[in-house]
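Chemist: Residue numbers (the working numbering), protein chains in the order written: chain A, -6 to 272; chain B, 4 to 315.
1. For residue 192(A), count neighbouring Cβ atoms within 10 angstroms of its own Cβ and tell me buried if that reaches 16, exposed if not.
2. With burial defined as no fewer than 16 other Cβ atoms inside 10 Å of the residue's Cβ, what is the status of residue 235(A): buried or exposed?
3. Let's test the definition: count the other Cβ atoms within 10 Å of the Cβ of residue 35(B) and tell me whether it reaches 16, buried, or not, exposed.
4. What in chain B is Cβ-close to residue 144(A), meaning under 7 Å?
5. State buried or exposed for residue 98(A), treating a residue as buried only when at least 16 other CB atoms are found within 10 Å of its CB.
6. My guess is that residue 12(B) and residue 44(B) are in contact by the Cβ rule of under 8 Å, so how many angstroms apart are they, rounded?
7. From the DSSP output, in three-state form, read off residue 167(A) for me.
8. Rounded to whole angstroms, what's the CA-CA distance from residue 126(B) to residue 163(B)? Just pull it up for me.
9. Are any of the Cβ atoms in chain B nearer than 9 Å to that of residue 162(A)?
10. Which class does residue 218(A) belong to by DSSP, given the choice of helix, strand or coil?
11. Thinking just about the alpha-carbon of each residue, which of 40(B), 239(B), 166(B) and 87(B) is nearest to the one in residue 79(A)?
12. For chain A, check one thing: does any of its Cβ atoms lie closer than 9 Å to the Cβ of residue 94(B)?
13. In terms of residues, what are the limits of the alpha helix (DSSP H) holding residue 230(B)?
14. Quick one: is residue 173(A) near chain B, going by C-beta distance under 9 Å?
15. Taking residue 227(B) as the query, report the chain A residues whose CB atoms sit under 8 Å from its CB, ordered along the chain.
16. Compile a chain-ordered list of the residues in the stretch 199 to 215 of chain A whose CB is closer than 8 Å to at least one CB of chain B.
17. Using the rule of at least 16 other Cβ atoms within 10 Å of the residue's Cβ for burial, across every protein chain shown, is residue 157(B) buried or exposed?
18. Check residue 50(A) in the structure and name its three-state DSSP category.
19. Could you pull the start and end residues of the beta strand (DSSP E) that residue 119(A) belongs to?
20. Going along the chain, which residues of the stretch 111 to 136 of chain A sit with their C-beta nearer than 7 Å to a C-beta in chain B?
21. How far does the beta strand (DSSP E) with residue 94(B) in it extend, from its first residue to its last?
22. What are the start and end residues of each continuous alpha helix (DSSP H) run of 4 or more residues lying completely inside the stretch 158 to 203 of chain A, in chain order?
23. Closest by CA to residue 15(B), which one among 6(B), 42(B), 7(B) and 32(B)?
24. Residues in its own chain within less than 7 Å of residue 128(A) by CB, not counting five upstream and five downstream?
25. So, with DSSP's three-state summary, where would you put residue 74(B)?
26. Identify, in the order they occur along the chain, each residue of the same chain with its Cβ nearer than 7 Å to the Cβ of residue 138(B), setting aside the five sequence neighbours on each side.
27. Between the Cα of residue 109(A) and those of 187(A), 60(A), 139(A) and 148(A), spot the shortest distance and give me the residue it belongs to.
28. Would you decide whether residue 84(B) is buried or exposed? Buried here means 16 or more other CB atoms lie within 10 Å of its CB.
29. Can you give the Cα-Cα distance for residue 107(B) and residue 200(A), rounded to whole angstroms?
30. In the DSSP output, which residue or residues are listed as bridge partners for residue 263(B)?
31. Just to confirm, is the Cβ distance from residue 258(A) to residue 134(A) under 9 Å?
32. Starting from the beta carbon of residue 224(A), find every residue of chain B whose beta carbon is closer than 7 Å, and list them in chain order.
33. Taking only three categories from DSSP, how would you classify residue 7(B)?
34. On a CA-only basis, which of 80(B), 234(B), 287(B) and 143(B) is nearest residue 77(A)? Give me that one, please.
35. Starting from the C-beta of residue 46(A), find all residues in its chain whose C-beta is less than 7 Å away, skip the five residues before and the five after it, and write them out in chain order.
36. Where does residue 232(A) fall in DSSP's three states?
In structure tokens form, the structure reads like this:
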């Protein structure tokens, strides 16, 4: 994200800052009038870049008004390996993130309606430690899958994540089989599971629940892949072409069913859900 | 290859070698001396290995002379029939699989394949699997399910191969699919981490009813080098990252991620393949014996419980 898209306003000795009037697209750098930007659901009208949404913004544009009921909001990060790096302890980093972002984990889960169809949702938020899959996030995603199973509700997961959270070591890696075990039970029970891959969905999240939907749906231009671009370039000692690991690349290679523009997502999901309801 | 901290051990080994050579001369009587040195060597090996740092254990786990999957198969199986291909794209040489007979048990084995030398390692891609490797493994697991045969999975990989073709063919999907399918596979799965358990590349064939680890093997969400370069911004801080990640067998046992640690002979698995393989066999047979008698329904339910508890 461009460092000036959501500029921190100077703190002292200034009158209260005015509402930002312009947004700079972090992809094409075009200046977009904020009103237009918001009306366009934070999609750049010039280059169609789909900016990351916060989990509550996503819920707001996806679910029918006032239908969202959050599950397990109290589940938070834990520090299973008492991790510390050169700069700080994970525990402190996690606390600082919670205060800054106002979330307790990188995913919010719950139940709500899409055009009157009741669904279970999990929505990841990239602002929370890069949307990383920690043990709290894995637990919430599994519990929501379990809820969907018990109540026979379709499950929709919106992913936005850099992958497993290395600060939780092997415990975070084990959230991959853990979440997939929940999805497997939905598959076996015939409960719809839709994975929506948004920018970016990589590493351990792409290599677990995000890639095994009945439908894998992506937003345009989203970065989706297993290994990081830099790691691949170091391995093959070549630069990768533009467009590698994009939603469009995945569609071409057979790993997503459709690329759906953000403004059409709710209608798309509703029509698929209605199709399934006719069983 | 000789590791820094093994130098005193290697010195003794050299002396023993020299004495043994001389002992072949007529009238030489070095028996008691050799026995004494052997005793010293074992003591020293125990002493050194009891104090290894996590980073030193990483070195042992990656030691080129460590027994490989083919060695375990050679030492434990009276029969092995290799099966190739994912029936879709190709045959990944980085993943080995087939039908095997382990003592009284017929099993399907899958695992990462590393090489014994540079040529072999290039051929097997250093045990880094491509999507077709994970898909081959899944195909063989389905075969196991069909014939109600237990699956034994050997983990030893730096990670899934990070190449452009692997991405094009769906590395993420292949691993995700395996995690999903393995959680409900209607037959027992025993996993044994023999060397490196490298992140998604390891767990991609690593979901099991019982997960075992060799004493000097490692299992981690990211390589210490990778972690160091991201969080320490310096790949040379890998020793610090190795300690912070808690990636040793003992750590994973404490964290309840693995069920049992298989002891290695003094001085590590690379010093004594036979003893290592025999200890592994003993542990595998013990668990297989229990698992084959369990009801499939209970087994699969317990597998779900096992994974859903991790990090709760």
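For every residue, glycine included, the Cβ atom is placed at its ideal position computed from N, Cα and C.
Modeler: Reading off the structure:
1. Classification of residue 192(A): buried, given that the 10 Å Cβ count is 16 or more.
2. exposed
3. Answer is exposed; the Cβ neighbour count stays below 16.
4. Within chain B, no residue comes near residue 144(A); the closest Cβ sits about 18 Å away, beyond 7 Å.
5. Residue burial is scored here from C-beta neighbours: residue 98(A) has at least 16 other C-beta atoms within 10 angstroms and is therefore classed as buried.
6. Cβ atoms of residue 12(B) and residue 44(B) come within 8 Å of each other, at about 7 Å.
7. coil
8. 15 Å
9. yes
10. strand
11. 239(B)
12. Not a single CB atom of chain A sits nearer than 9 Å to the CB of residue 94(B).
13. 227 to 230
14. Using a CB distance cut-off of 9 Å, residue 173(A) counts as an interface residue toward chain B.
15. Correct list: empty, because the minimum Cβ distance to chain A is about 11 Å.
16. 199, 200, 201, 202, 203, 204 and 205
17. Counting Cβ neighbours within 10 Å, residue 157(B) comes out buried, since at least 16 surround it.
18. helix
19. Segment: none, residue 119(A) is in no beta strand (DSSP E) and carries neither H nor E.
20. 128, 131, 132 and 135
21. Residue 94(B) -> no beta strand (DSSP E), and no H or E assigned at all.
22. If we require 4 residues or more, the alpha helix (DSSP H) runs fully inside the stretch 158 to 203 of chain A come out as 162 to 166, 168 to 182 and 196 to 199.
23. 42(B)
24. These residues qualify, in order along the chain: 71, 73, 161, 164, 165 and 168.
25. Residue 74(B): helix per DSSP, three-state reduction.
26. 89, 91 and 177
27. 60(A)
28. Using a 10 angstroms sphere on the CB of residue 84(B), the tally of other CB atoms stays under 16, which defines it as exposed.
29. The straight-line gap from Cα to Cα measures roughly 36 Å.
30. 215(B)
31. no
32. 165
33. helix
34. Checking every option, the nearest Cα to that of residue 77(A) belongs to 234(B).
35. Counting only Cβ-Cβ distances below 7 Å, and skipping sequence neighbours, we find 35.
36. Residue 232(A) falls in the coil class under three-state DSSP.
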